[in-house]
Amino acid sequence: MKIIDIFANEKLYAFHYDGEDDHELDRLLNSWTEPEYLHKFLKGNAKDIPNNKSLNQIFNEIQDNADEIEDLLIEIAESNERQFEEFFKALDNNEYKVLELSRQKGRKNYLRIYALRIDKNCFVITGGAIKFTHLMQARKHTQQELNKIEMCRNYLKENGIIDADSFYEFLNQD
């Protein structure tokens, strides 16, 4: 498992898991815009899709939302005034103070990108999901994302990462 600086700006990173072709942000965006993947996912999760929407509507929304997320992240990365806190919020809606390696989510409708907050305007993406249910524990694919975020959080802690200084020091060891 490696940590990749996505925009070479030392603000947004992603885990690149062993055995995967891409780091997590690229993997998610590629999946969410890939018709075959989306059709298979939507058919397999049809019971969770809101009744007022057709599979075709959801399909198009997901592809559009994936493009919007990518555009927003690029805009924030290239801006001197904007911060990634604009996109990422606490995963737990009852979390009101910033915790060490706080679990975060960025969202656009049904799409979620999960990350750990290293420090102000510094995040590392651990994964993401298409989420139709309220609780992450309600479905296998979202429970897997909870497991991944915990695995990554433990990995960072085991390597002494608690803030930006220890994070950058760890990255420079490789």
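Quick note: the sequence shown uses my numbering, first residue 16, plus one each step.
C-beta: ideal position from N, C-alpha, C; glycine also.
Remember, predicted model here, so these are calculated numbers, not experimental data.
Buried or exposed by the 16-neighbour rule on C-beta atoms within 10 Å, applied to A144: The residue in question, A144, is buried, as its Cβ has 16 or more Cβ neighbours within 10 Å.
Cβ neighbour criterion (16 or more within 10 Å) applied to L88: Around the beta carbon of L88, a 10 Å sphere encloses 16 or more other beta carbons of the protein chains shown; the residue is thus reported as buried.
Pick from L126, R154, Y52 that is closest to F102, judged by C-alpha positions: L126
Residues that F138 bridges to, as DSSP identifies them: Paired residue(s): L27, R132.
When Q119, K155, S94 are compared against K104, the one with the closest alpha-carbon: Q119
Unbroken stretches of the alpha helix (DSSP H), 4 residues or longer, contained in the segment 39 to 113: 39 to 47, 50 to 59, 70 to 93
Cα-Cα separation, E96 to H38: 26 Å
Contact between the segment 122 to 142 and the segment 23 to 35 (3+ Cβ pairs under 8 Å): yes
Option nearest E76 by Cα separation, candidates N66, W47, S94, Q188: W47
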